[in-house]
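The structure appears below as structure tokens.
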Amino acid sequence: MQTYEEALSWLSELSAHGIRPGLDRVRMMLEGLGNPERRLKSIHVGGTNGKGSTTAFLKEPMKEAGLVCGTFTSPYVHEFRERIAVNGEPVSEEDFLKSAQAVRPVVESVAKTPFGPPTEFEVLTVIAAHYFASSAFPDVVVWEVGLGGRLDSTNAVHPMISIITNVGHDHQAVLGDTIEEIAREKAGIIKSGVPVVTCDTNPEVTEILEEAAEDARTRLYRLDRDFHVTNAEAESSGWTFSFQSILNHIPDVKISMLGRHQTKNAAAALMAFRYLMLYYALPVDEDHIRRGFQHVSWIGRLDYRETTPPLLLDGAHNKEGMESLAEALTDHFPGRSIHLIAAMTKEKDPAVLLEPLKALPIQSAAAVGFDFFRAASAEETAAKSPIPDTEALSDWKAAWEKIKQTASPDDLVVAAGSLYFISEVAAEDKKIE
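Set out below in structure tokens:
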């Protein structure tokens, strides 16, 4: 393995092992490398929706403070290396190759054990830990959970603080069908002595999180009990709100992301920062936070593009995400006629996923396919869509061309249903007019 391309090819071959939850293989690989994750100060971010946005709300203030912030996120939009980044800059091909070369011997060693060969995501997690600890040396690393929490490979990290954004219906085949089952998987990232912040206010969820925190002898900071979002007002380019916690108060916080739910994600980051300032002397003050929050953006999350007509990309891919999208469209684009382009993966039920959008002023709806091995066909999605007259079209470009024929410049085109689909649109939207 002598080139970056060869390293990617090797990783891709590991994807044949699929998703096999468990921490044994990751821990063995990390131990074989001298446990690089123990040399890192980490923040662990889990939850069903909002992990990427919350990570961005953590990263930008740290950059403003002059700190170096590593991030481990998924999926990527333009380039695979985005998943491992420092201050928003993807790992270089050279550094990725160097860490992949260091990790490969332990991967091959673990593959010979009864635990079997490591998965692609497990190996990528270990590559990230090696890179951060041996090449990048960030002040803090923010780790985004890949799937669930309890058995996710990122759970091998022992963080300073954890965040569970919320708990909703996603990946039921792996995590369970009920909110309670899913919440227990998410709560699996709660560790002894490591405080956790959550934005979820569902009593079914908070009871499980409280129980897990009590078992771990740690503190759970809950939205609407220990910290609050007040005076939230939508603006053309984001939100203004006040943050109140048991530890501090920050009035008139401005964020540059659309969607009322982003005030909660920002508040979770604020709660985490306050804890880290008090107990870890993290040098991030209120000015750093205010400036950082105004720079936060996250591709594919209520991502507004100045095309004609305007295009809004949103990675909502479960019922709760679609509810947030519907709320954001009502808050930020009242009265606008909407043209929907929907695409999703095979395991999703269009009747459930698109239901929250039914009440919106949707002028036209198209179901499309996209380039992903788990993508549902346009015909499957259209047949089960709860939105009247949903048309099946080959891809998003075909839908865009059809919409342009009838849409007015003041209409809004909304593309949603899958992060993988949105990544495809985001990578090519500069080619449309």
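Letter by letter, the sequence shown follows residues 1 to 433 in full-length UniProt numbering.
Note that the Cβ used here is the ideal one computed from N, Cα and C, for glycine as well.
Bridge partner(s) assigned by DSSP for residue i
| i | result |
| --- | --- |
| Glu233 | Thr240 |
| Cys69 | Val140 |
| Ile403 | Note: Ile403 sits in no beta bridge, so no partner. |
| His339 | Ser364, Val413 |
| Ala375 | Thr345 |
| Thr198 | Ile164, Arg222 |
| Val393 | Here the sequence assigns Leu to residue 393, which means Val is not the residue at that position. Per DSSP, Val368. |
| Val205 | Note: Val205 sits in no beta bridge, so no partner. |
Where residue i falls: helix, strand or coil (DSSP)
| i | result |
| --- | --- |
| Ala367 | strand |
| Thr113 | coil |
| Asp287 | helix |
| Ser162 | strand |
| Pro350 | helix |
| His317 | coil |
| Asp226 | coil |
| Pro90 | strand |
| Ala85 | strand |
| Ala173 | Because the pLDDT of Ala173 is 48, which lies under 50, any placement of that residue in the model is unreliable, and the number read from its coordinates should be weighed accordingly. Reduced to three states, the DSSP call for Ala173 is helix. |
| His44 | strand |
| Ile246 | coil |
| Leu357 | helix |
| Tyr76 | coil |
| Arg305 | strand |
| Leu151 | coil |
| Val145 | coil |
| residue 434 | Lying before the first or after the last residue shown, residue 434 is absent from the chain, which here runs from 1 to 433. |
| Pro251 | strand |
| Leu312 | strand |
| Trp10 | helix |
| His332 | helix |
| Met257 | coil |
| Met1 | coil |
| Pro118 | coil |
| Arg20 | coil |
| Val296 | coil |
| Ala216 | coil |
| Val425 | helix |
| Gly34 | coil |
| Ile179 | helix |
| Gly50 | coil |
| Ser15 | helix |
Supposed close pair residue i, residue j - CB separation, criterion 8 Å
| i | j | result |
| --- | --- | --- |
| Thr308 | Pro409 | 6 Å |
| Val103 | Leu33 | 7 Å |
| Leu14 | Glu181 | Rounded, the Cβ-Cβ distance is 28 Å, inconsistent with contact. |
| residue 441 | Val145 | Absent from the model: residue 441. The displayed extent of the chain is 1 to 433, so no value can be given. |
| Ala100 | Pro36 | Not a contact, Cβ separation roughly 14 Å. |
| Val197 | Ala268 | 5 Å |
| Ala375 | Thr345 | 6 Å |
| Gly88 | Lys59 | 7 Å |
| Leu419 | Gly315 | 4 Å |
| Ala426 | Val205 | Rounded, the Cβ-Cβ distance is 31 Å, inconsistent with contact. |
| Leu258 | Gly238 | 6 Å |
Close beta carbons around residue i, own chain, < 7 Å, minus the five adjacent residues each side
| i | result |
| --- | --- |
| Leu360 | Ala326, Leu329, Ile338 |
| Pro356 | Lys319, Met322, Glu323, Ala326 |
| Asp395 | Val368, Gly369, Phe370 |
| Ser377 | Gly369 |
| His130 | Leu33, Pro36, Ser99, Ala102, Val103 |
| Leu220 | Val196, Thr198, Leu209, Glu210, Ala213 |
| Val296 | Ala56, Phe57, Glu60, Ile255, Ser256, Met257 |
Own chain residues within Cβ distance below 6 Å of residue i, not counting five before or after
| i | result |
| --- | --- |
| Tyr304 | Leu312 |
| His228 | Gln244 |
| Lys85 | It should be pointed out that residue 85 corresponds to Ala in this sequence rather than to Lys. Same-chain partners within the cutoff: Thr71. |
| Thr48 | Asn166, Val167, Gly168, Asp170 |
| Glu233 | Thr240 |
| Val174 | Bear in mind that the predicted position of Val174 carries a pLDDT of just 45, short of 50, making it unreliable; the figure below should be weighed with that in mind. Taken in chain order, the list of residues that qualify is empty. |
| Met28 | Val110 |
| Leu135 | One detail in the question is off: residue 135 reads as Ser in this sequence, not Leu. Asp95. |
| Trp298 | Gly52, Ser53, Ala56 |
| Ala399 | Ile341, Ala366, Val368, Leu393 |
| Leu115 | The amino acid at residue 115 is misidentified as Leu; the sequence shows Phe. Taken in chain order, the residues that qualify are Asp24, Arg25. |
Residues near residue i in its chain [Cβ-Cβ closer than 8 Å; skip 5 each side]
| i | result |
| --- | --- |
| Thr218 | Ile190, Lys191, Ser192, Gly193, Val194, Pro195, Val196 |
| Phe80 | Leu8 |
| Val106 | Met28, Met29, Gly32, Leu33, Val126 |
| Asp389 | Ser364, Ala365 |
| residue 462 | The structure shown does not extend to residue 462, since the chain spans only 1 to 433, so no value can be given for it. |
Test: residue i CB closer than 9 Å to a CB of chain D
| i | result |
| --- | --- |
| Gly188 | Absence of chain D from the displayed structure is noted, only one protein chain being present. |
Quiz item: If we count Cβ pairs, one from each stretch, closer than 8 Å, do we get three or more for the region 37-55 versus the region 139-147?
Solution: In short, these stretches touch, since the Cβ pair count reaches three.
Quiz item: Do the region 365-378 and the region 339-355 touch if we need at least three Cβ pairs shorter than 8 Å?
Solution: Yes: the two stretches touch, three or more of their Cβ pairs being nearer than 8 Å.
Quiz item: Hey, is the region 51-64 in contact with the region 279-295, meaning 3+ C-beta pairs nearer than 8 Å?
Solution: Short answer: they touch.
Self-check item: Inter-stretch contact (C-beta, 8 Å, three-pair minimum) for the region 249-256 and the region 10-30
Solution: At 8 Å Cβ cutoff, the stretches do not touch.
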